[in-house]
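Heads up, the thing below is written out as structure tokens.
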Amino acid sequence: RAKESGRNALRFFDPDMESAVISRVAQERSLREAIEQQQFCIHYQAQVQEDGALTGAEALVRWQHPERGTVLPAEFIHLAEETGLILPLGLWVLRAACVQLAAWSQDPGMAHVTIAVNVSPRQFRQAGFVDQLIEVIGSTGVNPERLKLELTEGLLVENPEEVAGKMTLLRARGVGFALDDFGTGYSSLSYLKRMPFDLLKIDQSFVQDVLTDPNDAEIARTIVALAESLSLGVIAEGVETVEQRDFLASIGCHAFQGYLFSRPLPVNEFEALVRRG
Ligand code: C2E
Ligand code: MG
Ligand code: MG
Ligand code: MG
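One gets the UniProt record's numbering by counting positions in the sequence shown from 1 and adding 714 to each.
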């Protein structure tokens with residue numbers, strides 16, 4: 715024990731560790747400033763059916779860094795979540811997505827497109843989330859039926875009743891729910907049954923090797939069967955090849971998202987993609 719804490723004490727003065735702490739403080743400061751200055755934008759990635767028809771878009775946030783250019787969420791969402799900055803950032807994304815959805819509703823070529831927004835666990839758990847979203851829906855005038863929220867399994871572990879309660883309130887207004895990255899977390903199937911989800915998203919880690927790894931193929935099959943038995947939709951993410959798409963279709967998954975169809979695109983390019991059909 716003494717030895718262990720001694721080692722920890724030494725590690726505290728490790729210069730690498732110290733610079734890591736300093737750079738974390740600096741990162742947090744620059745993220746906070748980026749939020750204040752609204753240095754973010756949303757890219758939209760197509761969600762398509764087997765016949766290629768585009769039904770929706772997933773909203774994926776990007777940081778337009780003045781020096782670094784476009785920074786992907788892997789580089790800042792975790793820090794945002796840890797520091798609580800995900801609350802203002804997540805609210806900005808929700809509002810921006812709803813403003814976009816409201817604009818599309820006035821545009822005959824775009825009015826059918828739904829938007830799925832990722833909501834982090836901390837954001838969904840915050841006390842005012844339901845009222846906040848209802849306010850955003852009201853002030854932007856969007857049809858809540860066109861709005862989907864993507865939640866992750868991690869959210870369902872703690873206080874599942876509270877989560878289900880919030881989902882039910884929003885569901886009553888028409889908001890849809892997808893369970894993102896399904897199969898990678900710890901969600902108990904018994905909870906899943908009691909939560910008003912509409913859609914399971916097969917995580918891209920299973921899709922990647924679905925043709926070569928029998929375990930991944932079996933997991934994909936199991937998720938499709940589970941979705942069917944719970945009367946939920948199912949969509950595969952990270953579909954990059956025709957062979958992956960065809961295999962997924964052969965096991966009963968008929969909705970897809972992935973580079974095969976489109977990368978996440980800036981809004982004008984996404985609109986052009988939809989208009990081309
Ligand atoms: P996700 O919600 O599972 O989103 C799918 C990710 O897979 C996106 O990465 C997308 O660009 C990527 N992707 C899509 N198709 C393919 C493909 O065919 N191949 C490969 N290799 N990748 C593909 P992205 O945009 O970097 O986002 C990463 C994660 O960051 C998202 O995973 C989501 O968990 C999180 N995220 C993104 N935007 C937001 C946001 O506004 N709020 C929150 N809380 N999280 C967000
Ligand atoms: Mg997602
Ligand atoms: Mg996902
Ligand atoms: Mg993910």
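Where a beta carbon is used, it is the ideal one built from N, C-alpha and C, also for glycine. Here the structure is a predicted model, which is why all the values come from computation and not from measurement.
Cβ neighbours of residue i in the same chain (closer than 6 Å, five flanking residues each side left out)
| i | result |
| --- | --- |
| residue 785 | 777 and 779 |
| residue 888 | 858 and 859 |
| residue 975 | 760 and 762 |
| residue 962 | 950 |
| residue 835 | 868 and 869 |
| residue 864 | 830, 832, 892 and 894 |
| residue 967 | 938, 948 and 950 |
Assumed close pair residue i, residue j - CB separation to whole angstroms, cut-off 8 Å
| i | j | result |
| --- | --- | --- |
| residue 917 | residue 896 | 6 Å |
| residue 838 | residue 869 | 6 Å |
| residue 978 | residue 757 | 4 Å |
| residue 772 | residue 922 | In fact, because the Cβ distance is near 18 Å, the residues do not count as touching under 8 Å. |
| residue 981 | residue 751 | Contact doesn't hold; Cβ gap of about 20 Å is too wide. |
| residue 856 | residue 819 | 7 Å |
| residue 944 | residue 913 | With a Cβ gap of about 11 Å, residue 944 and residue 913 do not count as contacting. |
Nonlocal neighbours in the same chain, by C-beta distance under 7 Å from residue i, ignoring five residues either side
| i | result |
| --- | --- |
| residue 988 | 768, 823, 824 and 827 |
| residue 736 | none |
| residue 745 | 790, 793, 794 and 799 |
| residue 900 | 867 and 871 |
| residue 723 | Below a pLDDT of 50, predicted positions are generally treated as unreliable, and residue 723, at 48, falls in that range; the measurement from the model is reported next regardless. There are no such residues. |
Range covered by the alpha helix (DSSP H) that runs through residue i
| i | result |
| --- | --- |
| residue 797 | 791 to 797 |
| residue 929 | 928 to 943 |
| residue 884 | 874 to 887 |
| residue 850 | 843 to 854 |
| residue 902 | Taken as a continuous stretch (DSSP letters only), residue 902 belongs to no alpha helix (DSSP H), as it is neither H nor E. |
Residues sharing a beta bridge with residue i, DSSP
| i | result |
| --- | --- |
| residue 894 | 866 |
| residue 832 | 864 |
| residue 915 | 949 |
Contact set for residue i: own chain, Cβ-Cβ below 8 Å, skip 5 residues either direction
| i | result |
| --- | --- |
| residue 910 | 878, 881, 882, 885 and 891 |
| residue 801 | 836, 837 and 840 |
| residue 844 | 880, 883 and 884 |
Contact with chain D by residue i, beta-carbon distance below 8 Å
| i | result |
| --- | --- |
| residue 914 | In summary, chain D is missing from the structure at hand, where a single protein chain is found. |
First through last residue of the beta strand (DSSP E) which encompasses residue i
| i | result |
| --- | --- |
| residue 925 | Segment: none, residue 925 is in no beta strand (DSSP E) and carries neither H nor E. |
Practice item. Counting only runs of 4+ residues fully inside the region 946 to 988, write out the alpha helix (DSSP H) ranges in chain order. Key: 956 to 964
Point to revise | Length-filtered (3 minimum) beta strand (DSSP E) runs lying within the region 745 to 819 | key: 754 to 763, 768 to 779 and 783 to 785
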